[in-house]
Amino acid sequence: MRFILVDKILEMTPGRTIRAVKTLSPAEELFQDHFPGFPVVPGVLLTEMMAQAAGKCLFAEDPKRGRPMLAQIKVASFRDWVRPGEEITLVGEIRSSRPQFAAASCHAEVHGHLVCSAELLFSFQAASNFAEGYRDEVLERFRERAAGETTGNATNS
Amino acid sequence: MDQREALNWIAEVFEEAPGSMTPETLREDIRTWDSMGVLTLMAGMDEKFSIVMTDADIQTMRKVDDILAVLRKHNKLDQTP
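Line by line, the protein sequences are chains A and B. So the first sequence is numbered by my numbering: it starts at 1 and just counts up by one. So the second sequence is numbered by my numbering: it starts at 1001 and just counts up by one.
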């Protein structure tokens, strides 16, 4: 399983809010263990999904600050099961964004129903610490789509 | 906010028991007052008190009273303990 836990960004105002989606295929190996006969998306993955979504919103705001890294899960609540194949909508609202840290209130929904929420704290890692050429393809696709919509060539990829 | 409330808030930031802090508690005696603890403190100051801590604030902190001093400087702490 790759650890890209955001499929698509639906809406984003950099440094303010983001709305994105993720679906885990029922074929993912993890569902064999979590749990046999009762497959559900692990809460740690839901938390990581929310963190990745909020992280993209922060990175889009100021790439020079570095890559946002999850530093603290201040509060997290898991309110309902998420089944394999269900589309999870990830919502992030940036509460504070400073040079050294950022805080976000995030939640996830399935069919408009709240399934989990979390308060997350991020620190930043300099781009030089990552592999050369490391790119955020999900963010780039969103930007391309947004640019296309601006010029009247919107695609729905 | 009085000093007792401030000390309990600082304890919460560093994931220590309420009542465990005094102004004289040293940084090296708080296990979680590390780089992550500093980040949590900065975020907490920002969120709860709208205080943006400076690098000078961070670098000169040696004990809990230095955190109280930042709160005092921004008029977030009663002047009398």
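All residues carry an ideal CB built from backbone N, CA and C; glycine is no exception. Quick caveat: nothing in here was measured; it's all calculated off a predicted structure.
DSSP, read as helix, strand or coil, puts A/THR89 in strand. Under the Cβ criterion of 8 Å, B/MET1001 is not counted among the residues facing chain A.
Under the Cβ criterion (8 Å, minimum of three pairs), the segment 13-20 of chain A counts as touching the segment 54-64 of chain A.
A/SER128 and A/ALA76 have their C-alpha atoms spaced approximately 31 Å apart.
Chain B places a beta carbon closer than 8 Å to that of A/LEU121, counting this residue as a contact. Under the DSSP assignment, A/LEU139 falls in the alpha helix (DSSP H) whose first and last residues are 137-150. In this structure, B/MET1042 lies near A/GLN100, with their beta-carbon atoms less than 8 Å apart. Using a C-beta cut-off of 8 Å, the segment 1010-1019 of chain B makes contact with the segment 1031-1039 of chain B, since at least three inter-stretch Cβ pairs fall below that distance.
Using a Cβ distance threshold of 8 Å, A/MET50 and A/LEU120 count as a contacting pair.
Looking at A/ALA146, A/GLY37 and A/PHE31, the one whose alpha-carbon comes closest to that of A/MET1 is A/PHE31. The beta-carbon of B/GLU1047 is placed less than 8 Å from the nearest beta-carbon of chain A. In this chain, the alpha helix (DSSP H) harbouring B/VAL1064 covers 1064-1073. Residue pairing of B/GLU1024 in beta bridges, as defined by DSSP: absent, with no partner found. The C-alpha of A/GLU132 lies about 18 Å from the C-alpha of A/ILE4. Measuring C-alpha to C-alpha distances from A/TYR134 to each of A/ARG67, A/GLU29, A/THR151 and A/GLU87 identifies A/ARG67 as the nearest. Ranked by how close their Cα comes to the Cα of A/GLY92, the residues A/PRO26, A/LEU24, A/PHE122 and A/SER25 have A/PHE122 in first place.
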